[in-house]
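These notes concern the structure reproduced below.
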Amino acid sequence: MNKSINLTKKYLTLSIFVTIFFASCVTLIGAYDQVTDQGIQKIQTDISTLFVKMEKNVTDSNYTANSYESLKNNFTLIEGEMKSLQIRCNAIPKYSIIQGQLKTVSDNITLLEALSKTSIKKNVILQPADSAITLQFSQMANLQNALKKEKVSTSNKSN
Amino acid sequence: MAILDFNTIFSSMVSAATTSLKGSITGLTAPAKAAMKSLAQYLVDIEQMKLDGTCTQEQATFLIKMQKNAAQTVLLTEEGLGLIAAQDAINAALDVVKTAVNTAIGWPLL
Chain Z
54 MNKSINLTKK YLTLSIFVTI FFASCVTLIG AYDQVTDQGI QKIQTDISTL
104 FVKMEKNVTD SNYTANSYES LKNNFTLIEG EMKSLQIRCN AIPKYSIIQG
154 QLKTVSDNIT LLEALSKTSI KKNVILQPAD SAITLQFSQM ANLQNALKKE
204 KVSTSNKSN
Chain W
14 MAILDFNTIF SSMVSAATTS LKGSITGLTA PAKAAMKSLA QYLVDIEQMK
64 LDGTCTQEQA TFLIKMQKNA AQTVLLTEEG LGLIAAQDAI NAALDVVKTA
114 VNTAIGWPLL
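Same order as they appear, the protein sequences are chains Z and W.
Numbering of the first sequence is given in this note's numbering, commencing with residue 54 and proceeding in unit increments.
Numbering of the second sequence is given in this note's numbering, commencing with residue 14 and proceeding in unit increments.
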């Protein structure tokens with residue numbers, strides 16, 4: 054009988070601690086991470102620079118400078134930054150949405166690389182690619198800003 | 014001569030997506046609709062590029078895949094913003110009763 058009461062007490066105490074721990078704040082998406090935000094901005098800048106370079110080369114009819122061999126180092130740099138950011142985000146709890154966003158951007162960088170291996174002689178080919186990737190980064194910035202705002206309002210509440 | 018008509022393509026896409034989302038809380042949001050509009054426009058543009066001889070089939074395939082990925086990013090963002098809103102709503106609901114509950118029970122439960 055006493056053993057049963059002790060067991061019930063232990064169970065109740067554990068339940069209370071679990072309730073206190075989980076009921077204090079509900080988290081459905083991982084918190085804002087400054088390094089991730091800055092990493093996204095860095096990749097965005099590098100990609101924008103690459104697009105400007107590619108579009109200028111087409112405008113100047115400098116197709117050699119637009120060959121994949123000439124741009125390979127730019128792609129390698131961007132892909133390295135992306136991989137590093139993906140590794141970081143994989144380690145952050147409840148970051149599956151940001152991981153998903155990075156995956157779609159990464160896929161588009163791979164597609165841009167494949168596109169650059171074809172002979173691009175008109176900017177009309179680059180513009181849809183540019184607008185797709187620009188849209189992706191503006192969407193990622195929207196989510197990052199919302200997470201940042203969330204962080205600010207949470208810290209204001211706790212002060 | 015171009016065959017694809019933007020309005021027909023776009024309305025067919027919106028109609029199919031709306032049917033698919035029937036019963037969901039959010040339905041087809043404005044950003045998702047905008048992404049679909051852009052995809053429809055590029056499908057029409059690609060037909061024109063093919064007619065003009067400015068785009069190969071390989072390039073068109075890459076470009077459409079890129080637009081699909083961009084649309085996916087838009088939807089993921091919507092999902093993320095929705096989660097933040099839901100998180101705020103739940104926490105606001107808990108916050109408003111926090112003091113009363115903690116005082117009444119005598120334990121800092123919330």
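Idealized CB from N, CA, C, for every residue including glycine.
Given the structure is predicted, the values throughout are model-derived calculations rather than measurements.
Cβ of residue i within 8 Å of any chain W Cβ
i	result
Ala144 of chain Z	no
Asn195 of chain Z	yes
Leu138 of chain Z	no
Thr171 of chain Z	yes
Leu168 of chain Z	yes
Thr102 of chain Z	no
Leu37 of chain Z	Here chain Z comprises residues numbered 54 to 212, so residue 37 of chain Z is not present and cannot be evaluated.
Leu124 of chain Z	no
Lys201 of chain Z	no
Lys175 of chain Z	yes
Ile178 of chain Z	yes
Ile73 of chain Z	Model confidence at Ile73 of chain Z stands at a pLDDT of 49, short of 50, so the residue's coordinates are unreliable; what they give is reported in the following sentence. Closer than 8 Å to some Cβ of chain W, the Cβ of Ile73 of chain Z qualifies, so yes.
Lys204 of chain Z	no
Ala182 of chain Z	yes
Residue of the options minimising C-alpha distance to residue i
i	options	result
Phe19 of chain W	W:Gly36, W:Ala30, W:Asn104 and W:Gln61	W:Gln61
Asp86 of chain Z	Z:Glu134, Z:Val79 and Z:Leu138	Z:Leu138
Lys125 of chain Z	Z:Asn143, Z:Leu165 and Z:Thr89	Z:Leu165
Lys201 of chain Z	W:Leu94, W:Leu122, W:Ala106 and W:Ala113	W:Leu94
Leu196 of chain Z	Z:Ser208, Z:Gln154, Z:Thr207 and Z:Asn209	Z:Gln154
Thr42 of chain W	W:Ala99, W:Leu89, W:Asp101 and W:Tyr55	W:Leu89
Thr69 of chain W	Z:Val177, Z:Asn110, Z:Gln91 and Z:Glu203	Z:Val177
Thr112 of chain Z	Z:Asp90, Z:Lys175, Z:Cys78 and Z:Tyr121	Z:Lys175
Ile150 of chain Z	W:Leu96, W:Ser37 and W:Phe75	W:Leu96
Cys249 of chain Z	W:Lys78, W:Asp101 and W:Gln54	Chain Z is shown only over 54 to 212; residue 249 of chain Z falls outside these bounds and no answer can be derived.
Thr129 of chain Z	Z:Thr207, Z:Ser208 and Z:Ala167	Z:Ala167
CB contact below 8 Å: residue i versus chain Z
i	result
Ile103 of chain W	yes
Phe75 of chain W	yes
Thr67 of chain W	yes
Glu92 of chain W	yes
Val110 of chain W	no
Ile22 of chain W	no
Glu60 of chain W	no
Ala83 of chain W	yes
Met14 of chain W	no
Gly119 of chain W	no
Lys78 of chain W	yes
Thr32 of chain W	no
Val87 of chain W	yes
Leu96 of chain W	yes
Own chain partners of residue i with C-beta closer than 6 Å, once the 5 adjacent residues on each side are dropped
i	result
Ile82 of chain Z	Lys147
Gly40 of chain W	Leu34
Asn127 of chain Z	Leu103
Asp90 of chain Z	Gln197
Cut-off 7 Å between Cβ atoms - residues of its own chain near residue i, not counting five sequence neighbours on either side
i	result
Ile145 of chain Z	Gly83 and Asp86
Thr80 of chain Z	Lys147
Ala48 of chain W	Ala83, Ala84 and Val87
Lys46 of chain W	Val27
Val114 of chain W	Leu122 and Leu123
Asp183 of chain Z	Phe104
Leu64 of chain W	Ala15
Contacting residues, own chain, Cβ-Cβ under 8 Å from residue i (five flanking each side not counted)
i	result
Val158 of chain Z	Ile96, Met135, Ile186, Gln189, Phe190 and Met193
Ile131 of chain Z	Ile96, Asp99, Ile100, Leu103 and Ile162
Asp88 of chain Z	In the sequence under discussion, the amino acid at residue 88 of chain Z is Val, which differs from the Asp named in the question. Within the same chain, Val88 of chain Z has close Cβ partners Arg141.
Met107 of chain Z	Asn119, Leu124, Ser169, Ile173 and Leu179
Gly92 of chain Z	Glu134, Ser137, Leu138 and Arg141
Pro44 of chain W	Val87, Thr90 and Glu91
Val57 of chain W	Ala15, Leu17, Asp18, Phe19 and Ile22
Lys204 of chain Z	Ala84 and Tyr85
Proximity test, residue i beta-carbon vs the ligand COA heavy atom, cut-off 7 Å
i	result
Gly40 of chain W	No copy of the ligand COA occurs in the structure displayed, which carries no ligand at all.
Legend entry - Members of the region 144 to 164 of chain Z near chain W, C-beta cut-off 8 Å: When CB distances to chain W are screened at a threshold of 8 Å, the residues of the region 144 to 164 of chain Z falling below it are Ile150, Ile151, Gly153, Gln154, Thr157, Val158, Asp160, Asn161 and Leu164, in chain order.
Inset, instruction - Check distances from the C-beta atoms of the region 80 to 105 of chain Z to those of chain W and list, in chain order, the residues that come in under 7 Å. - result: For the region 80 to 105 of chain Z, which is checked against every Cβ of chain W, the residues closer than 7 Å are Thr80, Leu81 and Ile82.
Legend entry - Near-chain Z residues of the region 35 to 50 of chain W - C-beta to any C-beta below 8 Å: Those would be Pro44 and Ala48, in chain order.
Legend entry - Interface positions of the region 104 to 119 of chain Z facing chain W (Cβ-Cβ less than 7 Å), listed along the chain: Answer set for the region 104 to 119 of chain Z: empty.
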